[in-house]
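J.: Mind looking over this structure? Questions follow.
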């Protein structure tokens, strides 16, 4: 195994999952609860960095990593902010399988309504 560490263009050591793109932006790759790879981007690696001229000031990549890791440790869905009501309702229904026929029909009816909207 190589002892050489991955570094950015400012010669700082990058942690696991971190990388730097050709345009200078930093990326962090992680796997969320559904087993799919997700990326988070930032122009700053640490909070003291300044973003390039003409780019928006944003939270640093390491701060975003901490927030994501805290959510994953607490079993919180990190992409829940982007989830639709229909997806949330379907996820809830999968958890409760042992239900009566009328309840199943009612849930199916509500799901059809949510899909239309």
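In the numbering used here, the protein residues as written are 250 to 366.
For glycine and all other residues, C-beta sits at the position ideal for the given N, C-alpha and C.
Can you tell me the Cβ-Cβ gap for residue 263 and residue 255, rounded? I've got them flagged as a contact below 8 Å.
T.: Locating residue 263 in the chain shown gives position 14, where the first residue counts as 1. Locating residue 255 in the chain shown gives position 6, where the first residue counts as 1. At roughly 5 Å, the Cβ-Cβ gap stays under 8 Å, so residue 263 and residue 255 are in contact.
J.: Compare the C-alpha of residue 303 against each of 296, 311 and 292 and name the closest.
T.: Looking up residue 303 in the chain shown gives position 54. If we check each option's Cα against that of residue 303, 292 comes out closest.
J.: My output table needs one value for residue 295: the three-state DSSP class, helix, strand or coil.
T.: The residue you call residue 295 lines up with position 46 of the chain shown. Note: residue 295 maps to coil in three-state DSSP.
J.: Which partner residues does residue 267 have in the DSSP bridge list?
T.: Counting from 1 along the chain shown, the entry for residue 267 is found at position 18. The partner list for residue 267 (beta bridge, DSSP) reads 277.
J.: For the putative contact between residue 338 and residue 313, defined by C-beta atoms under 8 Å, what is the C-beta separation to the nearest angstrom?
T.: Start at 1 with the first residue of the chain shown, and residue 338 comes out as number 89. Start at 1 with the first residue of the chain shown, and residue 313 comes out as number 64. So it is not a contact: roughly 29 Å between Cβ atoms.
J.: If we count the other Cβ atoms within 10 Å of its Cβ and call it buried at 16 or more, is residue 310 buried or exposed?
T.: One-based indexing of the chain shown puts residue 310 at position 61. By the neighbour-count rule (16 or more Cβ atoms within 10 Å), residue 310 is buried.
J.: Quick check: what's the CA-CA separation for residue 253 versus residue 281?
T.: What you label residue 253 is simply residue 4 of the chain shown in a count that begins at 1. What you label residue 281 is simply residue 32 of the chain shown in a count that begins at 1. About 29 Å.
J.: Determine the closest residue to residue 289 out of 296, 301 and 316, with distance taken between C-alpha atoms.
T.: In the chain shown, counting from the first residue as 1, residue 289 sits at position 40. When only C-alpha atoms are compared, the closest one is 316.
J.: Which residues share a DSSP beta bridge with residue 287?
T.: On the chain shown, position 38 is the one that residue 287 refers to. For residue 287, which the question treats as bridged, DSSP gives the partners 279.
J.: Hey, how far is the Cα of residue 260 from the Cα of residue 320?
T.: Your numbering for residue 260 matches position 11 in the chain shown. Your numbering for residue 320 matches position 71 in the chain shown. If you take the alpha carbons of residue 260 and residue 320, they lie about 30 Å apart.
J.: For residue 342, which residues of its own chain have a beta-carbon under 6 Å away from its beta-carbon, when the five flanking residues on both sides are left out?
T.: The residue you call residue 342 lines up with position 93 of the chain shown. Around residue 342: 356.
J.: Report the rounded CA-to-CA distance for residue 345 versus residue 363, giving the unit in angstroms.
T.: Taking the first residue of the chain shown as position 1, residue 345 is located at position 96. Taking the first residue of the chain shown as position 1, residue 363 is located at position 114. Roughly 19 Å separates the two Cα atoms.
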